[in-house]
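In terms of my numbering, the sequence shown is residues 290 to 780. Ideal Cβ positions, reconstructed from N, Cα and C, are used throughout, including at glycine. These notes are about the structure you will find just below.
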Amino acid sequence: MSRNRAPVSGTPLLATRYTGPASDKTRHFQESFCVFCVFCVNVDCVCEIVQQGKILTCDMGTTRLLLLTITAALLVETQTQSSWLRWLDKPYQVARRGFTSGLLKTGSASKRGIATAMSAANSLRATSQHFNSKFQEPVPDDSPFPCDTGPESPGARSATRPTSVHRLRPGDIDVVGAMGDSLTAGTGTAAAGLVELAVENRGMSWSGGGESTWREYLTLPNILREYNPALIGYSLKDSLGSEVNSQFNVAEPLAETRDMAFQAKLLVRRMRSDKRVNYKDDWKMVTMMIGSNDFCSEMCYLKDISVTSELHKKELTTALDYLRDNMPRTIVNLVAPPQLRIIQDFKGKSALCALINDVECPCLFGLRWQHLKDNFTQIMRDVQKTDLELATSGRYNSKDDFAVVGHRFLTEATIPNKRTPRGDVTDFSFLSEDCFHFSQKTHAMAANSLWNSLLEPVGNKTPHAVELPFSRFLCPAEESPYIFTDRNSVT
């Protein structure tokens, strides 16, 4: 089985080939080109990320045309009532000035320059209602954590370090890591506008972030830190995947399932080289979610789209096998990716979001593939099913110090509507400025849902995400204090 792409029309005006070791540095080089390439992926562009090299062809004429279209859409968008009010909103205006000032100060339009610019704007936009609606409600200091975390509580650290992955309590987790794509890297989580969608707010990532505390940013690491304050590995703040603040969150924007083997090797290398980690004895929790970019910009280019789920399984198995054989004392959360059909049915989407979605997800929005819409929906269901079946296949329960647990809380996830004078429209406060990536509020919901799923038996896990952060927050029970695995879920 091979990943053969269908021919791409047009004559590329730019062709670049890079070959070399897949180190952090070369990886960043490759991704920088892919960020550029994604702007024309819907028409005359092929962007391949491979473990040992890079192949890129891109039609510059198409790119220029698309950038002009984006500029025109921005001008049109600012004339709509909602955006016009936002434009006049003083905090929003101040935030834009702060961001522009920071960008000019760095003199760079690179991801690093944009990250620096965003830092300059962060404190200035805190009072903007438009952005506040995209964040979870802060929890007051006088409100306790929802669960008992005392030394005698069910989820507290065991008196002696467990030797079995099937007898792990939340407090026994020493190290966290995360693998995946932009939904795990935190792309645009706190975006104030289109440009900031390039910023990776890793500290707010639902599975890999540990910025602030659960009161401000509910993340899985921030929950686990309540049981073990010495937890390490979570991202500290906005950063690229190659920077120290990313820690053990090795997710990368634009990553596909075939990139998971690379991320697995990178994660092992980072943990082994970190002096804080007792690699042999520390218990590790790694959360992996991958598939959205396979759906958006890969499956429609395959000569045979029916092999998508088989390729996903093959490449995912390679990554999980590597973790099993090279990372002792580990529990892997394999989270099935969301069903992206929902983004095709959003109501009241702006012209700008429609354009960006067409660029970000050509397979689902490109006109040339609309006749395959139902086929793609079934493929996404098959990939979700593949993840859950792989976790319970028995392939990863032969060792007492390694387990893979499947989670399905995003498989039937939806975005609610809200009432407006124009009728019911999608509540875009759950999404970033591109109407695709998660807002911080949704990252918090995903973290809450994953936490709940850890405490639900395999075979009885909830298929829906929580409606809002803390709306349903489970706690370890006296009769079942352990994180559920395939083996300890059997009664």
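Of the residues the options, which one's Cα is nearest the Cα of residue i?
| i | options | result |
| --- | --- | --- |
| lysine 750 | Leu720, Asp723, Glu701 and Thr508 | Glu701 |
| arginine 711 | Asp614, Gly439, Asp431 and Gly637 | Gly637 |
| alanine 608 | Arg618, Asp583, Leu656 and Leu556 | Leu556 |
| aspartate 470 | Gly439, Pro451 and Asn582 | Asn582 |
| tyrosine 568 | Arg558, Gly477 and Thr576 | Arg558 |
| phenylalanine 434 | Phe717, Pro542, Ser595 and Asn511 | Asn511 |
| cysteine 436 | Glu768, Thr774 and Phe762 | Phe762 |
| glycine 530 | Lys592, Asp548 and Pro542 | Pro542 |
| alanine 640 | Ala680, Cys724, Phe719 and Glu604 | Cys724 |
| glutamine 667 | Asp431, Leu513, Ser598 and Thr449 | Ser598 |
| proline 627 | Asp430, Arg613 and Ile579 | Ile579 |
| methionine 616 | Lys554, Cys652, Lys602 and Phe665 | Lys554 |
| valine 714 | Asp634, Ala692 and Arg684 | Asp634 |
Kindly indicate which three-state DSSP category residue i falls into: helix, strand or coil?
| i | result |
| --- | --- |
| glutamate 768 | coil |
| phenylalanine 388 | Because phenylalanine 388 carries a pLDDT of 45, less than 50, the predicted location of this residue cannot be relied on, and the following value inherits that uncertainty. Residue state, collapsed to three classes: helix. |
| glycine 482 | coil |
| isoleucine 338 | Model confidence at isoleucine 338 stands at a pLDDT of 35, short of 50, so the residue's coordinates are unreliable and nothing is read from them. |
| valine 747 | coil |
| serine 595 | helix |
| isoleucine 668 | helix |
| histidine 455 | helix |
| leucine 644 | helix |
| phenylalanine 773 | coil |
| glutamate 489 | strand |
| leucine 377 | Only weak support is given to the placement of leucine 377: the predicted model assigns it a pLDDT of 35, under 50, and the question is left unresolved by the model. |
| leucine 525 | coil |
| valine 557 | helix |
| isoleucine 462 | coil |
| serine 778 | coil |
Per DSSP, which one or two residues make a beta bridge with residue i?
| i | result |
| --- | --- |
| methionine 734 | Answer is none; methionine 734 lacks a bridge partner. |
| asparagine 538 | Ala467 |
| leucine 720 | Phe727 |
| lysine 707 | Val714 |
Which residues in the same chain have their Cβ closer than 7 Å to the Cβ of residue i, if we skip the five residues on either side of it in sequence?
| i | result |
| --- | --- |
| leucine 507 | Gln425, Ala733, Ala736, Asn737 and Pro758 |
| leucine 457 | Pro451, Trp572, Ile620, Tyr771 and Ile772 |
| glutamine 729 | Lys423, Phe424, Gln425, Thr478, Ala479, Met493 and Tyr506 |
| serine 610 | Looking at the sequence itself, residue 610 is aspartate, so the reference to serine does not match. Nothing listed; no residue qualifies. |
I'd like the list of long-range same chain contacts for residue i, defined as Cβ closer than 6 Å, with 5 residues on each side in sequence excluded.
| i | result |
| --- | --- |
| cysteine 650 | Cys585 |
| aspartate 786 | Coverage of the chain is limited to positions 290 through 780, which leaves residue 786 absent and any answer about it impossible. |
| lysine 526 | Gly492, Glu500 and Asn534 |
| alanine 544 | Asp470 |
| tyrosine 516 | Thr438, Gly444, Pro459 and Gly460 |
| arginine 776 | His455 and Asn686 |
Report, in whole angstroms, the separation of the C-beta atoms of residue i and residue j, which I expect to be a contact under 8 Å.
| i | j | result |
| --- | --- | --- |
| alanine 625 | histidine 726 | In fact, because the Cβ distance is near 18 Å, the residues do not count as touching under 8 Å. |
| glycine 466 | phenylalanine 537 | 4 Å |
| threonine 703 | isoleucine 631 | 6 Å |
| serine 494 | threonine 473 | 6 Å |
| valine 694 | valine 747 | 7 Å |
| methionine 468 | methionine 560 | Contact flag wrong, Cβ pair sits at about 12 Å. |
| leucine 509 | leucine 739 | 6 Å |
Give me, in chain order, the residues of the same chain whose beta-carbon lies closer than 8 Å to that of residue i; leave out the 5 immediate sequence neighbours on both sides.
| i | result |
| --- | --- |
| leucine 661 | Cys589 and Ile594 |
| aspartate 716 | Ile704, Pro705, Asn706 and Lys707 |
Just to check, is the beta-carbon of residue i closer than 6 Å to a non-hydrogen atom of the ligand GDP?
| i | result |
| --- | --- |
| alanine 544 | The ligand GDP is not among the ligands present in this structure, which contains no ligands whatsoever. |
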